[in-house]
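Residues 0 to 409, numbered by numbering that gives the first Met the number 0, are exactly what the sequence shown covers, in order.
Beneath this line is the structure, given in structure tokens, with notes to follow.
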Amino acid sequence: MTAPNVCRRCLYHASHPLGLTIDEEGICSGCRVHEEKDRLDWEARWRRLEELVAPYRSRGGDTYDCIVPVSGAGDSYFLVHLVKERLGLNPLLVSYNKYFNTPLGIRNLANLRIRFNCDLIQQNVNPVSVKKIVRTTLRRLGSLYWPNLAGQTVFPVQTAVNYRIPLIIWGAHQGVEQVGMFSHEHEAEMTRRYRWDHDLMGAEADDLLSIFDTLTEADIWQYRYPADADLAEIGVRGIYLSNFVRWDPKAQHEQMMATHDYRSASFSRTFDCYDHVDCYNFMGLHDVLKLYKHGYSKVTDHASREIRHGRLTRDQAVALVRRHEQAEPGHVDLFCDWLGIDPTGLAFMMNEHRNPAFWEEQAPGDWRFKGWSTQEGPGDPTAPTDLFRPTDQLNRGQADRYITVGKGYP
Ligand SMILES: [Zn+2]
């Protein structure tokens with residue numbers, strides 16, 4: 000039985016942290032905006048994109064046309080494929096070093112640079128400050144990922160200002176893809192406000208400073224968004240390709256695996272082997288915290304997306320969520336060593352962020368999850384397990400360890 004505040008089509012709840020609405024037919028705004036993918040004239044949308052980028056093309060060919068943020072996973076390959084091979088632009092790739100790098104992520108990023116023959120600059124914030132920030136945000140926001148989310152959303156913008164390259168090209172707009180915050184035709188662009196509200200959970204760099212903490216300005220200044228005056232003077236704007244291309248991450252990754260040797264790896268906490276393979280923690284501890292705070296995890300995002308694309312039934316999706324949602328994250332020891340914290344201390348800090356709307360402590364240390372997936376039926380047990388294909392391993396067959404700075408392969 001479906002509760003009225005859960006979408007009847009996908010698995011999103013009305014309490015989704017990005018904010019969604021459910022209409023009188025019981026369908027969420029994310030599913031409604033997804034319907035546009037089968038309605039819009041994508042050839043016309045592509046032509047619209049070509050017109051939009053035309054003024055940014057450098058005439059002499061002696062500078063960059065745009066900035067493309069990349070990592071060793073995500074939409075990076077498809078993004079560079081569209082920008083360089085289809086639009087014919089000369090991008091400067093920029094990457095924020097998240098330090099939780101897997102050997103596979105280092106390999107994928109090196110292969111990306113070589114295959115597409117692009118220049119790449121990387122931001123390495125000093126690890127002492129990064130660890131200090133992680134200690135603070137873990138305690139205060141229940142997030143071990145704040146520096147990564149802040150760094151990967153601000154470093155491309157800082158680079159746009161520093162290099163005077165006004166156009167930044169991003170992949171998917173998560174507000175559109177997940178919850179239908181905007182129509183594709185609104186052509187929503189990058190804003191400081193969206194980053195603050197959604198990427199950073201309402202905490203900008205300066206909000207982390209407190210007299211009750213050891214963080215100083217010297218630790219956080221590199222995560223500051225550039226001044227409005229600088230952005231305006233250079234005319235910096237960030238566009239999202241998902242507004243101009245019929246976005247389908249599974250199909251896109253499979254294309255990039257076939258043509259550009261992108262490699263994937265499996266995770267315990269989801270069935271999607273394609274995204275986030277550059278990080279030991281995004282699909283691990285970070286995903287556990289998402290379940291603690293919001294009552295659902297990445298596997299629900301993946302399952303909802305696959306329902307919308309017609310590759311899973313709702314019952315199959317429920318079964319996959321139940322299979323993965325409370326799986327052990329793995330690699331906890333690596334994180335404890337890196338941060339200098341013992342596992343009991345980490346568990347204590349994480350438990351402080353369990354949302355009582357979804358978690359009940361029946362006895363000390365004995366938590367009962369009461370998210371919707373434990374209330375809906377078990378789903379369809381014949382749910383496919385081979386929808387996504389791992390072609391490699393996170394550690395590439397070596398001992399697990401974070402690659403702090405890696406040149407990669409070959
Ligand atoms: Zn929905």
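Even glycine gets a Cβ: it sits at the ideal position worked out from N, Cα and C.
Under the three-state DSSP convention, the category residue i falls into
i, result
"V79", "helix"
"N161", "helix"
"N125", "coil"
"H330", "coil"
"R44", "helix"
"V244", "coil"
"F368", "strand"
"N394", "coil"
"P383", "coil"
"I402", "coil"
"M0", "Bear in mind that a pLDDT of 43 at M0, under 50, signals an unreliable position, so the number given afterwards is only what the model happens to contain. It is coil, neither helix nor strand."
"V69", "coil"
"C335", "helix"
"H15", "coil"
"V276", "coil"
Cβ-based burial, residue i [other Cβ within 10 Å; buried from 16]
i, result
"E324", "buried"
"G396", "exposed"
"K406", "exposed"
"I210", "exposed"
"H33", "buried"
"V287", "buried"
"K100", "Here residue 100 is Asn; the residue named in the question, Lys, does not match the sequence. Under this definition N100 is a buried residue."
"P409", "Any reading at P409 needs caution, since the residue's pLDDT is 46, under 50, leaving its predicted position unreliable; the model's value is listed next. Exposed."
"W145", "buried"
"R304", "buried"
"L143", "buried"
"V127", "exposed"
"D271", "buried"
"T384", "exposed"
"A187", "buried"
"H185", "exposed"
"G309", "exposed"
"E176", "buried"
"I167", "buried"
"G411", "With the chain represented from 0 up to 409, any question about residue 411 goes unanswered, as that position is not in the structure."
"P495", "For residue 495 there is no data in the structure shown, the boundaries of the chain being 0 and 409."
Boundaries of the beta strand (DSSP E) in which residue i is found, first to last residue
i, result
"L119", "D118 to Q122"
"L91", "P90 to Y95"
"G174", "G174 -> not in any beta strand (DSSP E); alpha helix (DSSP H) instead, spanning Q173 to E176."
"A362", "W358 to A362"
"I168", "L166 to W169"
"R236", "R236 to Y239"
"I210", "I210 -> no beta strand (DSSP E), and no H or E assigned at all."
Residue i, enclosing alpha helix (DSSP H) - first and last residue
i, result
"C30", "S28 to E34"
"P342", "P342 to N350"
"V298", "K297 to R307"
"P102", "P102 to F115"
"E232", "D227 to I233"
"A53", "Here A53 belongs to no alpha helix (DSSP H), and DSSP marks it neither H nor E."
"H323", "R313 to H323"
"H285", "L284 to H293"
"C198", "Residue 198 is actually Asp in this sequence, not Cys. From DSSP, D198 is part of no alpha helix (DSSP H); its letter is neither H nor E."
"L217", "Here the sequence assigns Ala to residue 217, which means Leu is not the residue at that position. Counting along the chain, the alpha helix (DSSP H) containing A217 begins and ends at E216 to I219."
Rounded separation between residue i and residue j - CA only
i, j, result
"R450", "N147", "There is simply no residue 450 to check, as the chain begins at 0 and stops at 409 in what is shown."
"H183", "C30", "13 angstroms"
"D379", "L230", "51 angstroms"
"G376", "R8", "15 angstroms"
"N110", "Q392", "16 angstroms"
"L92", "Y239", "15 angstroms"
"M282", "K97", "14 angstroms"
"G234", "P165", "6 angstroms"
"S70", "G87", "21 angstroms"
"G150", "T343", "29 angstroms"
"Q254", "P363", "49 angstroms"
"A2", "T269", "Its pLDDT being 49, under 50, A2 is placed unreliably in this model, and the value from its coordinates should be taken loosely. Whole-angstrom Cα-Cα distance: 24 angstroms."
"L81", "D74", "11 angstroms"
"L214", "A318", "43 angstroms"
"Q221", "R313", "43 angstroms"
"R192", "T381", "43 angstroms"
"Q157", "I402", "25 angstroms"
"F115", "T135", "38 angstroms"
"V129", "E42", "44 angstroms"
Whole-number beta carbon distance between residue j and residue i, since they are thought to touch under 8 angstroms
i, j, result
"A72", "V276", "5 angstroms"
"W366", "R353", "7 angstroms"
"R47", "F243", "6 angstroms"
"L10", "A326", "Incorrect: roughly 17 angstroms between the Cβ atoms, too far for contact."
"M200", "Y291", "Not a contact, Cβ separation roughly 14 angstroms."
Distance cut-off 8 angstroms: residue i Cβ against heavy atoms of ligand 2
i, result
"S372", "Ligand 2 is not part of the structure shown, which contains ligand 1 as its ligands."
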